[in-house]
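Single-structure report; data block below.
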Amino acid sequence: MKMSDIPFGTVDWETVEPTRHPGEVGEALWRTRHFGPADNAIRVRMVEYSPGYVSDHWCSKGHVLFCLSGELETRLEDGRVFVLKPGMSYQVADGAEAHRSTAPKGARLFIVD
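The numbering of the sequence shown is the numbering used here, which starts it at 2 and goes up by one.
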């Protein structure tokens with residue numbers, strides 16, 4: 002990720018219109034903004050997973066993810082499982098390790114990718 006051509010700015014996340022993304026179970030609400038030039042845009046999201054959420058796919062996109070509230074369980078394709086609680090984060094590179102998440106209690110996350 003190379004951050005370029007992004008002027009200083011603030012975001013009031015409550016004013017960003019959410020989009021709904023169904024999971025295998027439950028749904029995710031994404032409030033999404035893009036920053037920087039089109040050929041190197043950085044996506045920044047505030048994401049809320051409903052209680053019981055189960056992702057409908059294995060993801061190989063790189064992220065920096067910070068858990069604001071709730072609890073996120075992330076399983077890697079090799080079987081390892083990691084649990085994020087508020088104040089914890091993870092980072093993974095594009096194409097590094099496929100991952101899939103669930104949120105038994107629901108979760109609110111801040112994600113940069």
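Here a beta-carbon is modelled for each residue, glycine too, at the ideal position from N, C-alpha and C. Note that the coordinates shown come from a computational prediction; the quantities given were computed from them, not determined experimentally.
- Under the three-state reduction of DSSP output, residue 94 falls in the coil class, being neither helix nor strand.
- Its chain contains 36, 37 and 43 as the residues whose beta carbon lies nearer than 8 Å to that of residue 7, once the 5 sequence neighbours on both sides are disregarded; these appear in chain order.
- Between the beta-carbon of residue 77 and that of residue 100 there is about 5 Å, and that keeps the pair under the 8 Å contact cut.
- A direct Cα-Cα distance of roughly 21 Å separates residue 86 from residue 14.
- DSSP places residue 103 in the strand class (E or B) of the three-state scheme.
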